[in-house]
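Participant: Protein chains in written order, with full-length UniProt numbering: chain R, 1 to 195; chain L, 1 to 195.
From the three backbone atoms N, C-alpha and C, an ideal C-beta is built for every residue, glycine too.
My structure is below; once you've seen it, I'll send some questions.
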DNA sequence: CTATTTGAACTGACTGGTCAGTCTAAAAAG
DNA sequence: CTTTTTAGACTGACCAGTCAGTTCAAATAG
């Protein structure tokens, strides 16, 4: 499990993830070649195909991996918090995540609303997963009376997720010099109605 | 060029725009081939190259065309309106625009925050153009005291633009059966703090 | 301790297909 | 007449995926 062999393999896969995520964030999936990815990961092309069954497969696993980290962070952030504070915690967690995994967030923003791609079904599932955690929190808020009873939980949660993504990525791409506090404040100001 | 002598040519270009925008919205720029575009536009491949100097060029002109329409609509919408109502009018206009030019909005959402593509500079300029109109309105609101004086006009305008885009496209892609009124309401609820 | 074996991990040249862009000659439109 | 469109063959670059061969690290034997 953790002997030298598999440690090496895990390491290689990690390097491939990192190379792929950066390139795809910048150029998009189709414009990124497997040779590019291998080159940036400092690995032979064959190694990519030893570790993943196709370019598509690499990308799907990448999506799973990245969104898995995000939903874990969400769950951790709201654990034991009362509804009112929980929504704020989700926003801060998302922002923190996007700052840390900037390239992944950029990639997600670009590919999330694309239909007609092989991985679209996977993405729908993963989206459900992430928004699901938000929805639980929002629902708890509605139940406890902290949030308005007529709030459409599904729509509000999806909007919350999308808004955070777009505002944060816009910040990273077009105004990276602004401190994160400003962005957090803007985002919370926009979202205060819901949260 | 557009003075009636070439009505036929304008028509062909329009058909090419429409074909390209749909395909690129679904699949992305790189995954869309020139042959596909020509086929869908019911035009010979050579005609594409008679009208545009390259695939890239076609795409850039498409961006200019689409964002031009949006900024025109923005300007028209706020003409003569007091600041308070003007922001609401912008939101409604953007939503209306996205409903009408769904594919273009989807494409914009996917390509807007991509760096390292040939058209990135063009996109920055066009973004400035659209957000500029919003910023004028927001600034007028701040000046007139309708909006808080400490509001960062630039950030707020960019957020407004991005939020509208992502919420509307999310609606079109994932919940198309919902009536537009719901979405407008959600969006206005989210944005009420700013507008 | 050193030598040998094993299978997992990795390599990179190669293949078959795809695609942007070119070109032609001729037809259609205005 | 000129401008625009057609049909489609062609080229050269590029690229996903393959595969026969190599390296490596750990296990086992001597």
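Measure from the C-beta of residue 90 of chain R to each C-beta in chain L and report whether the shortest distance is under 9 Å.
Facilitator: Not one chain L Cβ lies under 9 Å of residue 90 of chain R.
Participant: Identify the contact partners of residue 116 of chain R in chain L, using a Cβ-Cβ distance below 8 Å as the criterion.
Facilitator: Result: 26, 27.
Participant: I'd like to know whether the C-beta of residue 158 of chain R is nearer than 9 Å to at least one C-beta of chain L.
Facilitator: By this cut-off, residue 158 of chain R is an interface position.
Participant: In its own chain, which residues sit with a C-beta less than 7 Å from the C-beta of residue 93 of chain L, not counting the 5 before and 5 after it?
Facilitator: Only 73, 74, 77 meet the Cβ criterion.
Participant: Taking the straight line between their C-alpha atoms, what separation do you get for residue 1 of chain L and residue 90 of chain R?
Facilitator: Any answer about residue 1 of chain L is weak, because its pLDDT of 40 lies below 50 and its placement is not dependable; what the coordinates show is given next. In a straight line, the C-alpha of residue 1 of chain L is about 53 Å away from that of residue 90 of chain R.
Participant: Go through the UniProt domain "HTH tetR-type" (10 to 70) of chain R residue by residue and report every complete run of the alpha helix (DSSP H) that reaches 4 residues or more, in order.
Facilitator: Those alpha helix (DSSP H) runs which fall completely within the UniProt domain "HTH tetR-type" (10 to 70) of chain R and span 4+ residues are 34 to 41, 45 to 51.
Participant: Note down, in chain order, each residue of its chain lying with its Cβ closer than 6 Å to the Cβ of residue 147 of chain R, except the 5 sequence neighbours on either side.
Facilitator: For residue 147 of chain R, where only same-chain residues beyond five positions count, the Cβ hits under 6 Å are 141.
Participant: For chain R, find out if any of its Cβ atoms is closer than 9 Å to the Cβ of residue 54 of chain L; answer yes or no.
Facilitator: By this cut-off, residue 54 of chain L is not an interface position.
Participant: Taking C-alpha atoms, which residue in R/137, R/98, R/125 lies nearest to residue 168 of chain R?
Facilitator: Comparing Cα-Cα distances from residue 168 of chain R to each of R/137, R/98, R/125, the minimum goes to R/98.
Participant: So, with DSSP's three-state summary, where would you put residue 4 of chain L?
Facilitator: With a pLDDT of only 40 at residue 4 of chain L, under the threshold of 50, the placement of this residue in the model should not be trusted; the figure read from the coordinates follows. Here residue 4 of chain L sits in coil by DSSP.
Participant: Figure out for me which residue from L/20, L/6, L/25, L/157 has the closest Cα to the Cα of residue 115 of chain R.
Facilitator: Comparing Cα-Cα distances from residue 115 of chain R to each of L/20, L/6, L/25, L/157, the minimum goes to L/25.
Participant: Look at residue 119 of chain R and residue 22 of chain R and say whether their C-beta atoms are less than 9 Å apart.
Facilitator: No, the pair does not count as a contact, with Cβ atoms beyond the cut-off.
Participant: What residues in the region 76 to 110 of chain R have a beta carbon less than 7 Å from any beta carbon of chain L?
Facilitator: Those residues of the region 76 to 110 of chain R that come within reach of chain L (Cβ to Cβ, closer than 7 Å) are 106, 109, 110.
Participant: Name the chain R residues whose beta carbon is nearer than 8 Å to that of residue 21 of chain L?
Facilitator: Correct list: empty, because the minimum Cβ distance to chain R is about 14 Å.
Participant: Short of 7 Å in beta carbon distance, which residues of its chain neighbour residue 4 of chain L, apart from the five on each side in sequence? Order them along the chain.
Facilitator: Note that residue 4 of chain L scores a pLDDT of 40, beneath 50, so its modelled location is shaky and nothing firm can be said.
Participant: Quick one: is residue 8 of chain L buried, meaning 16 or more other Cβ sit within 10 Å of its Cβ, or exposed?
Facilitator: Answer is exposed; the Cβ neighbour count stays below 16.
Participant: What do you get for residue 199 of chain R, buried or exposed, if any count of 16 or more other CB atoms within 10 angstroms of its CB means buried?
Facilitator: Residue coverage of chain R in this structure runs from 1 to 195, which leaves residue 199 of chain R outside it and unanswerable.
Participant: With 16 as the cutoff for other CB atoms within 10 Å, does residue 41 of chain R come out buried or exposed?
Facilitator: Buried.
Participant: State the Cα-Cα distance for the pair residue 80 of chain R and residue 143 of chain L, rounded to the nearest angstrom.
Facilitator: So the alpha carbons of these two residues sit roughly 44 Å apart.
Participant: Between residue 44 of chain L and the rest of its own chain, which residues show a CB-CB distance below 7 Å, the 5 nearest in sequence each way excluded?
Facilitator: Only 38 meet the Cβ criterion.
Participant: Ends of the alpha helix (DSSP H) at residue 171 of chain R?
Facilitator: Residue 171 of chain R -> alpha helix (DSSP H) spans 153 to 174.
Participant: For residue 106 of chain R, does the count of other Cβ atoms within 10 angstroms reach 16, so buried, or fall short, so exposed?
Facilitator: Per the 10 Å Cβ criterion, buried.
Participant: Can you list, in chain order, the residues of its chain with a C-beta nearer than 8 Å to that of residue 185 of chain R? Leave out the 5 residues immediately preceding and following it.
Facilitator: Nothing meets the Cβ criterion.
Participant: For residue 185 of chain L, name the three-state secondary structure that DSSP assigns.
Facilitator: If DSSP states are grouped into helix, strand and coil, residue 185 of chain L belongs with the helices.
Participant: In its own chain, which residues sit with a C-beta less than 7 Å from the C-beta of residue 55 of chain R, not counting the 5 before and 5 after it?
Facilitator: Excluding positions up to five away in sequence, the list reads 34.
Participant: Quick check on residue 127 of chain R - is its C-beta less than 9 Å from some C-beta in chain L?
Facilitator: For residue 127 of chain R, the answer is yes, since a Cβ of chain L falls inside 9 Å of its Cβ.
Participant: According to the neighbour-count rule (16 or more other Cβ atoms, all chains shown, within 10 Å of its Cβ), is residue 87 of chain L buried or exposed?
Facilitator: It is buried - the Cβ of residue 87 of chain L has at least 16 other Cβ atoms within 10 Å.
Participant: Shorter than 9 Å from the beta carbon of residue 37 of chain R to some beta carbon of chain L?
Facilitator: False, the Cβ-Cβ gap to chain L never drops below 9 Å.
Participant: Following the continuous alpha helix (DSSP H) through residue 204 of chain R, name the residue where it begins and the one where it ends.
Facilitator: Absent from the model: residue 204 of chain R. The displayed extent of chain R is 1 to 195, so no value can be given.
Participant: Terminal residues of the continuous alpha helix (DSSP H) containing residue 127 of chain L?
Facilitator: Where residue 127 of chain L is concerned, the enclosing alpha helix (DSSP H) stretches over 120 to 143.
Participant: Three-state secondary structure (DSSP) at residue 109 of chain L?
Facilitator: Looking at residue 109 of chain L - three-state DSSP - the assignment turns out to be helix.
Participant: For residue 13 of chain L, count neighbouring C-beta atoms within 10 Å of its own C-beta (all shown protein chains included) and say buried if the count is 16 or more, exposed if not.
Facilitator: Looking at its Cβ environment, which holds 16 or more other Cβ atoms inside 10 Å, residue 13 of chain L is buried.
Participant: Is there a Cβ from chain R that is less than 9 Å from the Cβ of residue 165 of chain L?
Facilitator: By this cut-off, residue 165 of chain L is an interface position.
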